[in-house]
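Trainee: Mapped onto UniProt numbering, the consecutive letters of the sequence shown carry residue numbers 1 to 198.
Dumping the structure here so I can ask a few things about it.
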Amino acid sequence: MKFYSSINEKNQDQLSSCISSDCFIDDFSFPKPFRGKQEAMEFFEELVKSMGQNVKFCVENVCEGDGHSAAVNWHLEWKGRKIPFTRGCSFYEFIDEGGRLVIRNARILIESPIKPGGITLSLLKNITFLFDEFPKGAELFLEKPYAIIQAAIRIYGLFLAPLINHVMASYLKLLSNMAEFFLLVVKIIIKIRNLFFK
C-alpha cells in the first residue's frame, strides 16, 4: 500500500524506496518493459504528472501469493469518483533489499476502453482451427512466436511502413494538437468565468 500512497501523494523519494535497483516493470499498455530503477522511476514520474492533482489510485483488493508476491486490483478516481475504463490489475514480485521488501518485478494490466467481446472468441476459434489443421506450423510458431512476428515486421517495414507511419504520425500529431487546443479553450473559459463571476 505504501507504493500506491506514494503515487497518490506524489512522493518521489518514498516511491523510489519501493523499487529495487534491478526492477522490471512490464506495463502491457506500452510496447516494451521498463528495465532498471532509472527507467521505472522515469515512467512513474510521468504517471504522477499525468494524474494531476485530483486523480488517485483506489486499491480494491490485495491478494498475497506464494513467497514474496501479490496481486492488486485497482481503479482510478477523480475527487473520489471512479473514472471509467481505469480498472487495472497488477502482479508484483518482491525481494529483500537492505532488510525491506521492494518491488523487483511488476506486470500491469489496464482495462481496455475497446471491448471486442465475441471477436476475441472468434479469433481464438480461428487460431485453434489453424493450429489443428497445421500442427507442425503451430509447433514452430509456439517455439518461436517472435520469428513470425519479426518476419511480418520486416515485410511491413519494407512495403507499408513508409506510407502508414507518415499517415499515423500526422494523425497522432493532429489528435495531440486538438487535445491541447481543447484544454487551452477550457482554461480560457475558466479564466473568463473567474474574471466575471467571482
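Cβ atoms here follow ideal geometry from the backbone N, Cα and C, with glycine treated the same way.
Keep in mind that this is a model prediction, so the values were computed, not measured.
Buried or exposed for residue 21, please, with buried defined as at least 16 other CB atoms from any protein chain shown within 10 angstroms of its CB.
Mentor: Residue 21 should be labelled exposed.
Trainee: State the start and end residues of the unbroken alpha helix (DSSP H) segment that holds residue 166.
Mentor: Taken as a continuous stretch (DSSP letters only), the alpha helix (DSSP H) holding residue 166 covers 161–196.
Trainee: Answer yes if the segment 11–20 comes into contact with the segment 95–107, meaning at least three C-beta pairs across the two stretches below 8 Å, and no otherwise.
Mentor: The answer is yes - the segment 11–20 touches the segment 95–107, with three or more Cβ pairs under 8 Å.
Trainee: Could you give the first and the last residue of the continuous alpha helix (DSSP H) run that contains residue 87?
Mentor: It is not in any alpha helix (DSSP H) - residue 87 carries neither H nor E in the DSSP assignment.
Trainee: Can you name the start and end residues of the alpha helix (DSSP H) that residue 141 belongs to?
Mentor: Here the alpha helix (DSSP H) through residue 141 covers 135–143.
Trainee: Taking the alpha-carbon positions, what's the residue 25 to residue 40 distance?
Mentor: The straight-line gap from Cα to Cα measures roughly 7 Å.
Trainee: In this structure, does DSSP put residue 73 in helix, strand or coil?
Mentor: In this structure, residue 73 counts as strand in the three-state DSSP scheme.
Trainee: So, with DSSP's three-state summary, where would you put residue 103?
Mentor: Three-state result, residue 103: strand.
Trainee: Determine the closest residue to residue 113 out of 85, 172 and 188, with distance taken between C-alpha atoms.
Mentor: Nearest of 85, 172 and 188 to residue 113, Cα basis: 85.
Trainee: Confirm, please, whether the CB-CB distance from residue 62 to residue 71 is below 9 Å.
Mentor: Yes, they are a contact pair.
Trainee: At 4 residues or longer, and completely inside the segment 1–71: list those alpha helix (DSSP H) runs for me, N to C.
Mentor: Here the runs fully enclosed are 2–8, 12–16 and 36–51.
Trainee: Inspect the beta-carbon positions of residue 57 and residue 15 and report whether they are closer than 9 Å.
Mentor: No; because the gap between Cβ atoms is not below 9 Å, this pair is not in contact.
Trainee: Could you check how far apart the C-beta atoms of residue 48 and residue 10 are, in whole angstroms? I think they sit under 8 Å.
Mentor: Between residue 10 and residue 48 the Cβ distance is about 5 Å, and since that is below 8 Å, they are a contact.
Trainee: Exposed or buried, which one is residue 7 when buried takes at least 16 other CB atoms within 10 Å?
Mentor: By the 10 Å Cβ count, residue 7 comes out buried.
Trainee: Might you give, ordered along the chain, the residues of its own chain that have their beta carbon closer than 6 Å to the beta carbon of residue 79, omitting 5 neighbours on each side?
Mentor: Hits under 6 Å: 54.
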